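Asks: I'd like to ask you about the structure that follows.
There are 2 protein chains.
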Amino acid sequence: MQFHLNGFEPGDPEIFHPEDRYAAPAKGLPLPQEVDVLIVGCGPAGLTLAAQLSAFPDIRTCIVDQRSGPLLRGQADGIACRTMEMFNAFGFAERVLKESYWVNETSFWKPDDAKRENIVRSGRIDDTEDGLSEFPHVILNQARVQDFFLDVMRKSPTRLEPHYSRRLIDLETDPAASDYPVTARLERLDPSHEGEIEIIRARYVVGCDGARSTVRKSIGRALHGDSANHAWGVMDVLAVTSFPDIRLKALIQSAGEGSIVLIPREGGYMVRIYVEMDKLNENERVASRNITVDKLIAAVQRILHPHTFEVKEVAWWSVYEIGQRLTDRFDDVAEDAVGQRLPHVFIAGDACHTHSPKAGQGMNVSMQDGFNLGWKLAAVLQGRSRPELLHSYSAERQTIAKELIDFDREWSTMLSAPLKSPNDPDGVEPAEVQKYFVRSGRYTAGTATRYTPSVLTGQSTHQHLAQGLTIGARFHSAPVIRLADAKPTQLGHAARADGRWRIYAFAGADDRAQPSSRLRALCDFLADSPASPVTRHTPAGQDIDSVIDVRAVFQQAHRTLAVETMPAFLLPRKGRYGLCDYEKMYCPDLKNGHDIFDMRGIDREQGCMVVVRPDQYIAHVLPLDAHAELAAFFGGFMLPQR
Amino acid sequence: MQFHLNGFEPGDPEIFHPEDRYAAPAKGLPLPQEVDVLIVGCGPAGLTLAAQLSAFPDIRTCIVDQRSGPLLRGQADGIACRTMEMFNAFGFAERVLKESYWVNETSFWKPDDAKRENIVRSGRIDDTEDGLSEFPHVILNQARVQDFFLDVMRKSPTRLEPHYSRRLIDLETDPAASDYPVTARLERLDPSHEGEIEIIRARYVVGCDGARSTVRKSIGRALHGDSANHAWGVMDVLAVTSFPDIRLKALIQSAGEGSIVLIPREGGYMVRIYVEMDKLNENERVASRNITVDKLIAAVQRILHPHTFEVKEVAWWSVYEIGQRLTDRFDDVAEDAVGQRLPHVFIAGDACHTHSPKAGQGMNVSMQDGFNLGWKLAAVLQGRSRPELLHSYSAERQTIAKELIDFDREWSTMLSAPLKSPNDPDGVEPAEVQKYFVRSGRYTAGTATRYTPSVLTGQSTHQHLAQGLTIGARFHSAPVIRLADAKPTQLGHAARADGRWRIYAFAGADDRAQPSSRLRALCDFLADSPASPVTRHTPAGQDIDSVIDVRAVFQQAHRTLAVETMPAFLLPRKGRYGLCDYEKMYCPDLKNGHDIFDMRGIDREQGCMVVVRPDQYIAHVLPLDAHAELAAFFGGFMLPQR
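Protein chains in written order, with the numbering used here: chain Y, 1173 to 1814; chain F, 1173 to 1814.
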């Protein structure tokens, strides 16, 4: 898709008239008095969480923001492969694929050894290693990503809409209160209600309110970390240039004028540029430097020399200081109180970790914060899991944020360091920068996240049964053919953002689910045994797959298997009519040479079970006959329902 | 996507609450008094035409329908590969891919030789041959397809919305009138305005008003063809069955109970079944038979024996007679008057061709009628083409409709014929049915359409330069890599439904557009020569690619070519800022083994030009240096603009 040719316009580019792109402003309804979850902040973390919670008709969620309406421009734009996998579960990956810029390759530029005031291309590489994800790394305005989440919320059972123009004043928590332990005071900012105070009581409050988070302050936590000493500028521009890689992601290091990270943007014309500005003195702030967009443009022109760069329109720009800061815990429970009390207030996204934007990680990690917390809150609020489950949010995500902070510090330092030159033999070799970028590929794609063993993440005892599906890491999808309708699809796309767990049962070599086979025995156990986690944790009257969704993957070509001989458990009868769900069984896509058993290192002889969390992370790998271990795993955090 | 589990609900299944799926009913605004194009009928032909015309801000279109609002259920559902290619040009293919059932394989069932009252599977084949299109054959409710077109219209520059509750009374044409030769009288059917008469004057009127078309009658044309002698029933049902191929398209022929065409539907649960009912006596009509849905269900149960089939909900059903009928011309100009007068009234879709629905062709051919006429009307109304161009609509589409009628007659006869059996040695062999189905694969995929030489379709003199891109047939896309941003894409997806012509210039083996190369010479000619069709037919002040969009395809791997050395004509400056369009150049996707030059039989030594119409059909194949022939081709129907 091409757009923004005649200037940047926010909103859905498929709608011709910009004024048709956003619905009339919200009616400014008063806040509800009591909710299950109050989310403060409509950024990536808050909206991911809100979209997740909006899927459950019985959970009352309220999301507020200081802004008067949806975000329209600027801010983050990098969308990692892993995030696309999550978007697919939320049902809008295809919209992002269509509208975004795809980062296919990255080029590297360095000073020309022959004439050091010029830059020359020093390398060009694939941005993402082959096979890392079924989705590309893409770039799209954060505002559009938020639009898609808002759309999910609007279409959901709860028709959730944000309450805009609300500023959180403070929070008060009464741990003794059994119903709504947290009370929030908010001030209205919309002109017709300006200054009015609203009180809302909540079971849980989640602060997604950015680096200056009021929620974080209210629970007595602070961001700790490096002070900033480099100023960077960022701008989204429409420009005419002779720089040939203007439509490739490019890392450009000049001899004496600093560095650029250049990121082409959606629509075919716009480009985002991060440009190194001055070094700051200790305790000096960017604001004092009086940096203007003209200074940014002039710096870009110097760095790109000898290429021309003429800016026609600035859609958005900003200046920021690099600083890596982190909160020690992401909830309101002190480290030494974890055994005694339960969390009721959480923080997510920039409220607990801030860093430079140049690695394109911030929005992605923040959304994963929201995705991690969302299904857990839903499981506890719906009485499906013990509330102790909520301790795992801070435990899991703080570690991830720490990795991010460390990565960003290293990457930022490298991009700002002086280059090796005749005058500076101790500087960084440009080739080192490229090597580091490649080495960090899986990390920046968002696929390196790996949760360590816990109540939610099994030990690696049986990891050898599925060597390519790492316990604790995200479920790495692969192509398959659906048995009943021969549809080529991705096994990972069985996952929807619906709070459900999934068990993929990979059958052994001769296992067609015939009587006495291990897959048949597993199905019999799951369907009929009093110890079955599926029946035990599914409330009476709900579809059998509504808490734990079991899918089988066979090794045979799909035309050689007979649907009618399969266990009834894999052809579940659902809904008010008892219709049959035919989408639980898969085979390898042998015709196209994609054998999921080979691709993901599944033990062909034994097969295995892969247990996947609602947020797409692999919780466990178990042998097909590990019935008791499977039951024990779910019993570790889920509550019996019958 | 799974939906309809608890009963059929019309509208976008991503919206949870059915009542949120359709906007409030239209405000019932009066019709405009004068328009460029009046379209009668909001079916597939009418909406395709309306969506196409809505893209042009300066064309005033009005579309009316007798219904009180959008179609909600039933009717056609088959979407051929070729139609998906068109949907992609309209910008909603990805929505159809997501929501539809994919017809991957077709199974065939016949009487069991051992026990003829039972059916057994006799074959199972790929539904579409490999490589025929980048899109699958899919099934989706016609109502949803229409929703997507309505969405295109609503988002367009003209924000076109249908006027519902309007019945056309009659048309009057005054060929002498230079402005609005056609006057239409319509009657309002909406309760608050019932019976009110409205008069609208139009430059052109298009009757997309179905088999009983008032427009057709008003121009004195009639459907000619076979009378019906077979009654078939059709129903969309939610059912529980032991028939194993319920999620595969299946052709089922029983020994003595007739035939079924079974088509799984979107959402994973619903199925459409066409079932043969009684033979009718001569001149007998279906209505007189008093066929009920219970009779349809009972017939299905008998044919599927020994499988059970229990219907839980009937979403829609109907009974129809097979009859193949065709109009001799699709406009208001008599055969012998083509040289003397210009057409002003056209008919499209069921208004000019009716047939059985079982081959899934009707909606597809009707939409192609609308697509064929749309760009021609726009070109004439915008003064870009001579009005004589409009004669080509009837000439091209009547031939296609004739082929459809012939195909349907043969296919319907085959499905209704008695099977070969011990008692009926002259009957049809079930294997013959399967063979015919396979043989007709390209036809039913919609890719067999081939326009014959005319002012719009060149002679095959240079066809050998691109053996896989047949002149007169649809442009068969193939994977490529876009040069400037290394994006893997489909060359055919450069085509949008925007009324533009496209020239794909395939470069010769050593041609990197270097000085003195043939591609460079072509670019120089197109950019600078007074004879250039590109400059000649593009109005002053418009972007250089706004009438004819030229793209180049090189043979080299994309990393070996330098964007900065390419002709300026392939890096056109556009829009109010003169920004550079970087999306005009492509290379083969060698890494994935897709070489478009091999896949489409392009002459590697010489290269060639492939000229593609706005409706995606190949108009011509020419040598790269056939500058004069290219200019002459466009001069044959386009008007000079400067």
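Glycine is no exception: its CB is placed at the ideal position from the N, C-alpha and C atoms.
Fair warning: this is a prediction, and the values are worked out from it, not measured in the lab.
May I ask you to list the residues that DSSP assigns as paired with Y:Ser-1593?
Replies: Indexing the first sequence from 1 puts residue 1593 of chain Y at position 421. Y:Ser-1593 pairs with Y:Asp-1596.
Asks: On the criterion of 16 or more Cβ atoms from any shown chain inside 10 Å, does Y:Met-1173 qualify as buried, or is it exposed?
Replies: Sequence index remark: in the first sequence, residue 1173 of chain Y carries index 1 (1-based). Exposed, since its Cβ has fewer than 16 Cβ neighbours within 10 Å.
Asks: Would a C-beta distance cut-off of 7 Å place F:Leu-1628 and F:Ala-1791 closer than the cut-off?
Replies: Here residue 1628 of chain F refers to the residue found at position 456 when the second sequence is read from its first residue. Here residue 1791 of chain F refers to the residue found at position 619 when the second sequence is read from its first residue. Against a cut-off of 7 Å, the Cβ pair of F:Ala-1791 and F:Leu-1628 comes out as a contact.
Asks: The alpha helix (DSSP H) with Y:Ala-1803 in it runs from where to where?
Replies: For the purposes of this step, residue 1803 of chain Y is taken as residue 631 along the first sequence, with counting starting at 1. 1799–1807 is the span of the alpha helix (DSSP H), which, as asked, contains Y:Ala-1803.
Asks: Taking 6 Å as the limit between beta carbons, can you name the residues of its chain near F:Asp-1522, skipping five residues before and five after?
Replies: In the second sequence, residue 1522 of chain F corresponds to position 350, counting from 1. These residues qualify, in order along the chain: Gly-1382 and Ala-1383.
Asks: DSSP three-state call for F:Val-1537: helix, strand or coil?
Replies: Counted from its first residue, the second sequence places residue 1537 of chain F at position 365. The answer is helix: DSSP assigns F:Val-1537 an H, G or I state.
Asks: Who are the Cβ neighbours of F:Asp-1342 in its own chain at under 8 Å, not counting the five residues just before and after it?
Replies: Along the second sequence, read from residue 1 onward, the residue named residue 1342 of chain F stands at position 170. Closer than 8 Å at the Cβ level, and outside the excluded window around F:Asp-1342, lie Ala-1356, Arg-1357, Thr-1386 and Ser-1390.
Asks: Please tell me whether Y:Pro-1559 and Y:Leu-1587 are closer than 7 Å, where the distance is taken between their beta carbons.
Replies: Within the first sequence, the letter at position 387 stands for residue 1559 of chain Y. Within the first sequence, the letter at position 415 stands for residue 1587 of chain Y. For Y:Pro-1559 and Y:Leu-1587, no; Cβs fall outside 7 Å.
Asks: Could you name the residues that DSSP lists as bridge partners for Y:Gly-1379?
Replies: Here residue 1379 of chain Y is taken as the residue at index 207 of the first sequence, counted from 1. Y:Gly-1379 is bridged by DSSP to Y:Val-1212 and Y:Ile-1519.
Asks: For the alpha helix (DSSP H) that contains F:Phe-1280, what are its first and last residues?
Replies: Position 108 of the second sequence, counted from the first residue, corresponds to residue 1280 of chain F. No alpha helix (DSSP H) holds F:Phe-1280; the beta strand (DSSP E) holding it covers 1277–1284.
Asks: Could you tell me which chain F residues have their CB closer than 8 Å to the CB of Y:Gln-1606, listed as they occur along the chain?
Replies: Within the first sequence, the letter at position 434 stands for residue 1606 of chain Y. Within chain F, no residue has its CB atom less than 8 Å from the CB of Y:Gln-1606, the nearest being about 15 Å off.
Asks: Would DSSP call Y:Val-1505 helix, strand or coil?
Replies: On the first sequence, position 333 is the one that residue 1505 of chain Y refers to. Of the three classes helix, strand and coil, the one that applies to Y:Val-1505 here is coil, per DSSP.
Asks: Please return the same chain residues whose Cβ sits closer than 6 Å to the Cβ of F:Leu-1219, not counting the five positions on each side in sequence.
Replies: One-based indexing of the second sequence puts residue 1219 of chain F at position 47. Here F:Leu-1219 has Gln-1318 and Phe-1321 as same chain residues with Cβ atoms under 6 Å from its own Cβ, once five neighbours each way along the sequence are excluded.
Asks: Per DSSP, what kind of secondary structure is Y:Ile-1391 in: helix, strand or coil?
Replies: As a working note, residue 1391 of chain Y is residue 219 in the first sequence. Three-state result, Y:Ile-1391: coil.
Asks: Along chain F, which residues have their Cβ under 9 Å away from the Cβ of Y:Asp-1753?
Replies: For this step, residue 1753 of chain Y is matched to residue 581 along the first sequence. Residues of chain F passing the Cβ test: Gln-1174, Leu-1177, Gly-1440 and Tyr-1441.
Asks: Could you give the distance in angstroms between the alpha-carbon of Y:Ala-1394 and the alpha-carbon of Y:Gly-1379?
Replies: The residue you call residue 1394 of chain Y lines up with position 222 of the first sequence. The residue you call residue 1379 of chain Y lines up with position 207 of the first sequence. Y:Ala-1394 and Y:Gly-1379 have their C-alpha atoms roughly 13 Å apart.
Asks: Around the C-beta of F:Thr-1732, are 16 or more other C-beta atoms found within 10 angstroms, so that it is buried, or is it exposed?
Replies: Residue mapping note: residue 1732 of chain F aligns to position 560 of the second sequence, counting from 1. F:Thr-1732 comes out exposed.
Asks: Using a cut-off of 9 Å between C-beta atoms, extract the partners of F:Val-1412 located in chain Y.
Replies: Counting from one through the second sequence, the residue named residue 1412 of chain F turns up at place 240. Those are Arg-1745, Tyr-1749, Gly-1750, Leu-1751 and Cys-1752, listed as they occur along chain Y.
Asks: Around the Cβ of Y:Ala-1195, are there at least 16 other Cβ atoms within 10 angstroms (buried) or fewer (exposed)?
Replies: Sequence index remark: in the first sequence, residue 1195 of chain Y carries index 23 (1-based). When all chains shown are included, Y:Ala-1195 counts as exposed.
Asks: Residue range of the alpha helix (DSSP H) that F:Phe-1511 falls in?
Replies: To locate residue 1511 of chain F, count along the second sequence from 1; it is residue 339. Here residue 1511 of chain F turns out to be Gly, not Phe, going by the sequence shown. Note, F:Gly-1511: premise wrong, no alpha helix (DSSP H); not H, not E.
Asks: Which chain Y residues are close to F:Asn-1536, counting only those with a beta carbon under 8 Å from its beta carbon?
Replies: By one-based count along the second sequence, residue 1536 of chain F stands at place 364. Under the 8 Å cutoff, chain Y gives no residues; its nearest Cβ is about 21 Å from F:Asn-1536.
Asks: Could you work out which residue in F:Pro-1739, F:Leu-1549, F:Arg-1375 and F:Asp-1298 is closest to F:Thr-1345 when comparing CA atoms only?
Replies: Within the second sequence, numbered from 1, the residue matching residue 1345 of chain F stands at position 173. Measuring from the Cα of F:Thr-1345, the nearest candidate turns out to be F:Arg-1375.
Asks: So is the beta-carbon of Y:Pro-1594 under 6 Å away from any non-hydrogen atom of the ligand GDP?
Replies: In the structure shown, the ligand GDP is absent, as is every other ligand, since no ligand is present at all.
Asks: Over the uninterrupted alpha helix (DSSP H) stretch that includes F:Phe-1320, give me the two end residues.
Replies: In the second sequence, residue 1320 of chain F corresponds to position 148, counting from 1. It spans 1314–1327 - the alpha helix (DSSP H) in which F:Phe-1320 sits, taken as one unbroken run.
Asks: Looking at the C-beta of Y:Trp-1489, does it have a partner C-beta in chain F at a distance below 7 Å?
Replies: Taking the first residue of the first sequence as 1, we reach residue 1489 of chain Y at position 317. Closer than 7 Å: no.
Asks: So with Cβ pairs under 7 Å, would you call Y:Trp-1281 a contact of chain F?
Replies: Within the first sequence, residue 1281 of chain Y is the residue found at index 109, counting from 1. For Y:Trp-1281, the answer is no, since every Cβ of chain F falls outside 7 Å of its Cβ.
Asks: Give me the Cα-Cα distance between F:Asn-1544 and F:Ala-1551, rounded to the nearest whole angstrom.
Replies: Taking the first residue of the second sequence as 1, we reach residue 1544 of chain F at position 372. Taking the first residue of the second sequence as 1, we reach residue 1551 of chain F at position 379. About 12 Å.
Asks: Is the separation between the beta-carbon of F:Pro-1739 and that of F:Ala-1685 shorter than 7 Å?
Replies: Within the second sequence, residue 1739 of chain F is the residue found at index 567, counting from 1. Within the second sequence, residue 1685 of chain F is the residue found at index 513, counting from 1. Yes, the pair counts as a contact, with Cβ atoms nearer than the cut-off.
Asks: Pick from Y:Gln-1238, Y:His-1648 and Y:Ile-1297: whose alpha carbon is nearest that of Y:Tyr-1676?
Replies: Counted from its first residue, the first sequence places residue 1676 of chain Y at position 504. Answer by Cα proximity: Y:His-1648.
Asks: Three or more C-beta pairs closer than 8 Å, one from the region 1773–1783 of chain Y and one from the region 1629–1637 of chain Y: is that the case here?
Replies: yes
Asks: Do you know offhand how far Y:Trp-1404's Cα is from Y:Asp-1398's?
Replies: The sequence position of residue 1404 of chain Y within the first sequence is 232, counting from 1. The sequence position of residue 1398 of chain Y within the first sequence is 226, counting from 1. Between the alpha carbons of Y:Trp-1404 and Y:Asp-1398 lies a gap of roughly 16 Å.
Asks: What residues are listed by DSSP as bridge partners for Y:Pro-1760?
Replies: Looking up residue 1760 of chain Y in the first sequence gives position 588. When DSSP reads this structure, Y:Pro-1760 sits in a beta bridge with Y:Val-1652.
Asks: For the region 1283–1300 of chain Y, list every residue whose C-beta sits within 8 Å of some C-beta in chain F, in sequence order.
Replies: Arg-1296
Asks: Relative to chain F, which residues along the region 1324–1354 of chain Y have a C-beta separation below 9 Å, given in chain order?
Replies: Val-1324, Arg-1326, Lys-1327, Ser-1328, Pro-1329, Thr-1330 and Arg-1331
Asks: What would DSSP say about Y:Arg-1331, mapped onto helix, strand or coil?
Replies: If you number the first sequence from 1, residue 1331 of chain Y lands on position 159. Coil.
Asks: With 7 Å set as the bound, which would you pick, yes or no: does the beta-carbon of Y:Asp-1657 sit closer than that to a beta-carbon of chain F?
Replies: The sequence position of residue 1657 of chain Y within the first sequence is 485, counting from 1. Yes, Y:Asp-1657 lies at the interface with chain F (some Cβ there is under 7 Å from its Cβ).
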